[in-house]
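Data block below; observations after.
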Amino acid sequence: MIKEKLNFEDEQTKLKYRHTSSHVMAQAIKHIWPEAKLAIGPAIENGFYYDIDLDYHITEEDFPKIQKEMKKIISAAYPLECFTLERDEALSYMEEENEPYKVELIKDLPEDAVISFYRQGDFTDLCAGPHLDNTNQIKAIKIMSVAGAYWRGNEKNKMLQRLYGISFPTVEELDDYLEKLEEAKRRDHRKIGKEMDLFLIREEGPGFPFFMPKGMIIRNHLEEFWRKEHEKRGYSEIKTPLILSEELWKTSGHYEHYKDNMYFTKIDDMDYAVKPMNCPGAMLTYKRKLYSYRDFPMRIGELGQVHRHELSGALHGLMRVRTFTQDDAHIFCLPEQMREEILGVYNFIDYVYKVFGFKYHIELSTRPENSMGSEAEWDMAENALKDAMESAGADYVINEGDGAFYGPKLDFHLEDSIGRTWQCGTIQLDFQMPQRFDLTYTGMDGEKHRPIMIHRVIFGSIERFIGILTEHTAGKFPLWLAPVQVRLLTVTEKFNDYAKTVEASLKEQGIRAESDLRNEKIGYKLREARNERVNYLGVIGERETDNKTLTVRSSKEGELGEMSLEDFRDRLLNEIVKKEL
RNA sequence: GCUGGUGUGGCUCAAUGGCAGAGCAGCACAUUCGUAACGUGCAGGUUGGAGGUUCGAUUCCUCUCACCAGCUCCA
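See below:
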């Protein structure tokens with residue numbers, strides 16, 4: 010047999026490899042626990058899994074045993090044989106094998122379907138394939154974790170045990186992958202946030218983060234950047250209340266679609282709700298006066314804090330919280346301005362992500378079930394978004410049925426430095442709010458018309474964005490955002506006076522400098538400052554005091570040597586203005 | 001919310017059905033030092049919370065809260 014060389018760059022080969030890996034794991038499980046019932050076992054983006062129904066609870070202690078069995082199966086070099094059965098034959102075969110989940114899967118296939126199976130040694134699985142030719146092609150495989158997962162993802166169904174695994178064509182690649190996971194752990198924003206004292210989440214307020222002084226510096230500078238860029242692009246800014254009457258949320262449709270995620274309160278026996286979104290408030294500001302077509306496009310931004318009751322199990326550091334600040338904006342425009350406005354937002358988002366060095370991809374989410382509005386409106390909105398993306402030459406994938414209940418959207422997914430993606434920006438077209446709130450403007454014809462509303466965010470949530478940025482930079486924030494830009498370290502207390510004058514002169518330029526004047530050894534002070542990820546360290550001893558210089562170390566570039574105070578200051582100011590990572 | 005796991009000083013982690021311990025951080029003293037931890041001493045705890053079993057619970061049981069992983073959901 011000629012051995013086919015495996016090309017893991019090829020997505021199909023990778024899936025085949027992982028899919029066969031999952032069959033090997035399932036076979037091993039059946040060897041150890043013959044009573045285990047198999048559900049599904051696909052290849053996924055990062056590896057593969059198999060869902061099994063087994064009374065015995067598999068724990069990490071069982072992994073070595075299963076892996077040993079997997080090794081045996083691999084070295085047994087079973088060829089994978091595909092065969093097909095008619096639907097009835099397939100059904101009775103799986104019934105015979107006592108695999109109820111497979112039976113259910115077959116029953117859902119069309120009447121005339123020809124059903125394929127793959128066999129490797131004593132193990133046969135219902136499977137569409139494709140697969141590797143032989144189990145011995147798997148060179149490096151590891152079980153990663155076990156977790157619960159509902160049969161068919163429905164919480165009304167039985168919870169099965171899902172075993173996750175990963176496999177690679179070489180042991181080196183597996184090791185690299187495991188190292189990448191370790192790196193992700195080191196970069197976890199919850200860990201770095203604690204170490205750098207950026208934010209805090211307490212038992213007293215699950216999902217409600219506290220921002221500490223250093224976290225506030227990052228946050229405030231992000232907001233300052235946001236305001237400046239919006240001003241440049243013709244946006245104005247508003248702030249709407251956190252609490253508004255329950256009636257308003259019924260008008261907007263949020264009550265009906267979103268009430269399980271909302272917090273309610275009573276004031277003087279009247280019913281109120283804490284806002285989960287900013288749009289209804291913005292609608293009310295629109296309604297304060299009359300508009301002409303000449304007023305459009307009208308771009309109104311709001312850094313709006315919203316509260317949403319997220320499920321307790323979904324909370325995750327700053328990434329998933331119960332209160333967060335959306336960098337929201339609502340754009341009101343004429344139908345003929347719609348495409349250009351969407352393009353403008355797209356270019357804006359693209360610019361902002363580039364400042365931080367993020368790669369991203371775009372998804373177009375279309376009409377979900379249980380949505381408001383007519384088919385025609387949705388088609389028009391979806392087409393407008395598509396047109397804009399096509400004229401921008403931007404690539405996107407379609408995410409069927411994942412739109413908001415009031416309109417379709419373009420979602421921007423950021424990729425961080427280790428390849429994970431996070432949804433941040435969105436552009437949503439909304440034909441519902443303007444109708445529900447009866448928004449109008451006077452057209453050239455003197456008649457009343459309905460404005461188009463675009464709803465968008467760039468950071469998405471300031472909190473999440475800070476979380477992503479923390480992991481992306483591993484806590485080494487770009488200088489313009491860094492909580493501590495410079496720390497001056499004196500070799501002994503004799504040089505404290507000179508350090509103080511240096512600190513004062515840097516501060517005068519708006520540079521965030523501080524001095525470590527403690528009676529500690531220089532090595533100790535350096536170690537601490539490096540652990541705190543301070544961007545620039547300036548060592549001050551006898552030489553520097555005499556020469557009016559500093560010996561500078563950068564967290565990015567290492568030792569920079571002795572430098573005059575003026576040169577150091579100019580270097581910092583340039584780097585701050587450039588805003589580059 | 002569901003399944004499983006975890007919860008011990010500010011942080012990282014030991015220990016045991018029988019007096020709860022270490023390192024780091026903190027404080028005091030000493031030291032005045034040149035690129036990743038100087039030394040000595042002191043202080044710090046109702047072992048997440050509430051019940052229960054027991055002569056005795058941090059340990060065993062029940063409930064509850066929070067966190068972690070995954071599912072579901074999402075900015």
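Convert by adding 9 to the 1-based position in the first sequence; the result is the number in the working numbering. Ideal Cβ positions, reconstructed from N, Cα and C, are used throughout, including at glycine. Quantities reported herein were computed from a predicted structural model and do not represent experimental measurements.
Please name the residue in the options whose C-alpha comes closest to that of residue i.
i    : options                   : result
A35  : V112, M292 and D131       : D131
D206 : L488, G322 and G484       : G484
L324 : E409, R211, I38 and P289  : R211
H338 : T435, Q76 and Y159        : Just to set this straight, residue 338 is Ala in the shown sequence, not His. Checking every option, the nearest Cα to that of A338 belongs to T435.
G6   : T375, R578 and P443       : Here the chain covers residues 10 to 590 and nothing more, so residue 6 does not appear.
M79  : K165, I175 and K23        : I175
F341 : E255, Q444, A413 and M279 : Q444
E480 : K167, K237, E90 and K200  : K200
E472 : N583, L535 and M328       : M328
W42  : K23, D19 and I67          : I67
T133 : V354, E378 and H40        : H40
C91  : E104, Y58 and N143        : N143
I8   : D117, S31, T294 and D64   : With the chain covering 10 to 590 only, the question about residue 8 has no answer from this structure.
F72  : A37, E104, R96 and Y87    : A37
T249 : G243, H266, T554 and M292 : M292
L569 : V548, E191 and E188       : V548
Y65  : K46, E553 and K77         : K46
P487 : Y369, L581, M153 and E350 : L581
F17  : P88, E106, R161 and E182  : E182
V561 : D555, E571 and T554       : E571
K189 : S426, S524, E584 and L498 : S426
P492 : Y362, A538 and R459       : A538
Measure how close the beta-carbons of residue i and residue j come, nearest whole angstrom, since I'm counting them as under 8 Å.
i    : j    : result
D439 : H464 : 5 Å
R171 : A156 : 5 Å
A52  : Y110 : Not a contact, Cβ separation roughly 18 Å.
W489 : K588 : 5 Å
I115 : A137 : Wrong, their Cβ atoms sit about 12 Å apart, outside the cutoff.
V33  : I82  : 5 Å
L343 : F305 : 5 Å
Q441 : G313 : 19 Å between Cβ atoms; not a contact.
L526 : A508 : 6 Å
N270 : P285 : 6 Å
H266 : F414 : 5 Å
Taking the beta carbon of residue i as the centre, do at least 16 other beta carbons fall within 10 Å, making it buried, or is it exposed?
i    : result
Q494 : buried
V511 : buried
N287 : buried
V406 : exposed
S470 : buried
T29  : buried
K418 : buried
V586 : exposed
R27  : buried
R521 : buried
K25  : buried
P119 : exposed
R317 : buried
F577 : buried
G678 : With the chain covering 10 to 590 only, the question about residue 678 has no answer from this structure.
K12  : Below a pLDDT of 50, predicted positions are generally treated as unreliable, and K12, at 49, falls in that range; the measurement from the model is reported next regardless. The residue is exposed, with fewer than 16 neighbouring Cβ atoms inside 10 Å.
R496 : buried
N544 : buried
G56  : buried
M10  : Since pLDDT at M10 reaches only 40, below the 50 mark, its modelled position is unreliable, and the value read off the structure follows with that caveat. By the 10 Å Cβ count, M10 comes out exposed.
T332 : buried
L299 : exposed
F208 : buried
L515 : buried
Tell me, which residues are paired with residue i by DSSP?
i    : result
C91  : Y127
L498 : D525 and V548
S245 : I309
Q591 : Outside the shown range of the chain (10 to 590) lies residue 591, about which nothing can therefore be said.
I371 : F421
Q346 : In the DSSP output, where bridge partners are listed per residue, Q346 has none listed.
K275 : D280
Y173 : Y58 and S154
E568 : R562
Task: Residue ranges of each beta strand (DSSP E) within the segment 116 to 163, 3 or longer - done: 123 to 129, 132 to 135 and 149 to 159
Task: Entirely enclosed beta strand (DSSP E) segments - the segment 374 to 412, minimum 3 residues - done: 406 to 408
Task: Minimum length 3: unbroken beta strand (DSSP E) runs contained in the segment 413 to 498 - done: The DSSP assignment places 418 to 424, 430 to 439 and 461 to 466 as complete runs of the beta strand (DSSP E) inside the segment 413 to 498, in order along the chain (cut-off: 3 residues).
- [ ] At 3 residues or longer, and completely inside the segment 172 to 209: list those beta strand (DSSP E) runs for me, N to C.
- [x] none
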